[in-house]
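Everything in the sequence shown is counted per UniProt numbering, starting at 1 for the first residue and increasing by one.
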Amino acid sequence: MNPHQTHCLCQLPYIYKNRLAGANIIQPHSPSVAIKNGTVSGVHDGVWDQDYFLGIPYAQPPVGNLRFRPPQYINTTLGNISAKKYGTHCIGYGADQIGYTTSEDCLTINVIRPAGISHNAQLPVAVWIHGGGFYMGGAPDKRYNLTFMVDQSVKIGKSIIGVSINYRLDAWGFLASSEVAGTENLNTGLKDQRLALHWVQENIEAFGGDPDRVTIFGESAGGASVGMQQTAFNGRDDKLFRGVIAESGGPVFYTANKFPSDTQKTYDTVLNATGCYDAADSLACLRSKPLDLLNKTFAANSPIFQPVIDGTFLTGFGSQQIKNGRYVKVPTIIGTTSDEGAAFGQIGANTQQDLYNYCATVTKFHPKSCDRILELYPEGISIPPAENFTGPDDGTANGTALNGLEYHRAAAIIGDYMFIANRRYVAEQLSAQKVPVWSYRFRASPNGNPSWYRAGHFSEVAFVFHTVNGDGYAKNPLGGVNAPSYGKLADYMCRSWVRFVVSGDPRSGTLVHEVQWLKYGEGSGKSSMVFDIDIDGGNYIEKDDFRADGIAFINEYALQAGR
């Protein structure tokens, strides 16, 4: 199951027509801002009282001879830059691209701000890095509309500026092989993100933002991107951000880290399909090929390419960099959903042998380690107070669970392996190193999620973005009979994110009746926030010790798993 596909109903990638249908809503005047290489003209939204600057190029188009190279600064004056609609998605190969125009020329950035602020307002800045497995997604996605978060910030008197960025995906941004190894052309998608953050430092003040108060946040591959920006260049602090929020991701990668040679077979397949196999310079040959040929070839081999350890941008395994303090030490929020593995558990796992085969195939653990994992994840393993991740699926057909008798057990194992164990490891390490860190578990099941999926991967995103009207979703995750309760949870979560962006502490300015989010090392130790709707108990603090033995084993053998 693809969690992005389950929730996505992609529509026009520009200003949201369902709430901006009337011509009177977009005001006739265009806000303009002078940046380093031109004057940006945006649009004013009279309903939300916000200014939008959309689709601003932050790098030269990565086309022609710049294809498969690191992003290049724009070194000329662009004059008047029209920023009235979102740019395209970068080319990718998944459900998140459906309904959106894609292009190689996609390195753009979007700025959403409260209207009427001066250029010296010095507002804190939240920079969103989208997820999608590094092979799909884009900043124009309606589900990532920062309008609502900015609106919430104004309502609580803690105004922020929202920023979202595109970066190259799949082979376009992460092409890797032995031939590419040792060059500067690895991890160009991560380097896109890095250049976008430099653009923010150089230009956000002109929009009324504070370059010294930038928080980067992302989910899934976006959360992993946030973590990799923390560990980039062996943890070098370029003063690009002063806080990070990693949702279902972080500096410990969710699968085994790859090296350039790991994708050699696929790279060779690409060369054969494009007539570049015998070329003296295979990258130069690929740069010369038509877009349509490359697009067809990459699509047939996706998803394979992702970030690799290149020795410069990514110097080693995230678990070791965090353990050894080789990362940017800034206040951090890191969390997961309760049922992360529901999207990734093996469909049709009915026996112990099925589970063993699944462990051996999906992870890089040795066979004996998989034996031990199955012992540590017995039938009935659960987390308080009542969740059971290992019972059979509640939908049955002919006496057999719909997704497999061992499906939820498989989901518990893969959810911990990919996300939850990594989240606990990072929280423990940062807390021990006296870095302010807040942990969370998102427990609410959004409207429209099937009962077996519950609070699965991506479930918290609509609450963080305060998407109460369901923009971009097939079914409004905050709608239905529980809409009032969902709305309250969205208020609390979105505002906690805003408070963190403003002050580096999600508790700053919380109301008396709201649960105080303890740091990980506070209280009884290993304190973690549980986000849930009020009719199911509401928000509360728990001790982060569920599935302790299994998660401890996964973290102890992180290097064996290639992370």
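Note that beta-carbon positions come from the ideal geometry of N, C-alpha and C, so glycine has one too.
Predicted model, so just to flag it, every value in this text is computed and none were measured.
Among 411, 467, 171, 143, nearest to residue 380 - alpha-carbon criterion
Nearest C-alpha to residue 380: 411.
Same chain, Cβ closer than 8 angstroms to residue 557, five either side skipped, listed in chain order:
Close CB contacts of residue 557 within its chain, under the 8 angstroms cut and outside five residues either way in sequence, are with 365, 369 (chain order).
Mind checking whether residue 568 and residue 200 have CB atoms under 8 angstroms apart?
Any answer about residue 568 is impossible in this case: the structure gives the chain only from 1 up to 563.
Looking at residue 193: is its Cβ nearer than 8 angstroms to the Cβ of residue 129?
yes
Using DSSP with H/G/I as helix, E/B as strand and the rest coil, what is residue 314?
coil
So, is residue 472 buried or exposed, given that buried needs 16 or more other C-beta atoms within 10 angstroms?
Buried: at least 16 other Cβ atoms inside 10 Å.
According to the neighbour-count rule (16 or more other Cβ atoms, all chains shown, within 10 Å of its Cβ), is residue 553 buried or exposed?
Of the other Cβ atoms in all chains shown, 16 or more fall within 10 Å of the Cβ of residue 553; this residue is therefore buried.
Decide if residue 403 is buried, meaning its Cβ has at least 16 other Cβ atoms within 10 Å, or exposed.
Around the beta carbon of residue 403, 16 or more other beta carbons lie within 10 angstroms, which makes this residue buried.
According to the neighbour-count rule (16 or more other Cβ atoms, all chains shown, within 10 Å of its Cβ), is residue 540 buried or exposed?
exposed
Quick one: what's residue 247 bridged to in DSSP?
DSSP, once it has assigned bridges, lists 219, 335 as partnering residue 247.
Contacting residues, own chain, Cβ-Cβ under 8 angstroms from residue 560 (five flanking each side not counted):
364, 365, 366, 369
Which residue marks the beginning of the beta strand (DSSP E) containing residue 124, and which one marks its end?
123-129
Once DSSP output is grouped into helix, strand and coil, what is the label at residue 132?
coil
Between the beta-carbon of residue 565 and the beta-carbon of residue 62, is there less than 8 angstroms?
Nothing in the structure corresponds to residue 565, since the chain is present only between 1 and 563.
With hydrogens ignored, establish whether the beta-carbon of residue 477 is closer than 7 angstroms to any heavy atom of the ligand MN.
Of the ligands one can find in the structure shown there are none, so the ligand MN has no counterpart to examine.
Would residue 253 count as contacting chain D if we go by Cβ distances under 8 angstroms?
Although the question refers to chain D, the structure presented lacks it and comprises just one protein chain.
Residue nearest to residue 312 in terms of C-alpha spacing, selected from 279, 182, 263
182
Assuming residue 107 and residue 58 form a contact by the criterion Cβ under 8 angstroms, report the distance between their Cβ atoms to the nearest whole angstrom.
6 angstroms
Residue 357 - DSSP class collapsed to helix/strand/coil
helix
Inter-residue Cα distance where the pair is residue 442 and residue 279
51 angstroms
Kindly list the residues whose CB is nearer than 6 angstroms to the CB of residue 336, restricted to its own chain and excluding five residues on each side of it in sequence; keep chain order.
248, 419, 420, 423
Spell out the partners DSSP gives residue 566 in its beta bridges.
In the structure displayed, the chain extends from 1 to 563; residue 566 sits before or after that span and is not available.
Nearest-angstrom Cα separation, counted from residue 170 out to residue 502
34 angstroms
Within the same chain, show all residues whose beta-carbon is closer than 7 angstroms to that of residue 235, passing over the 5 residues directly before and after it, in chain order.
Same-chain partners within the cutoff: 321, 326, 327, 328.
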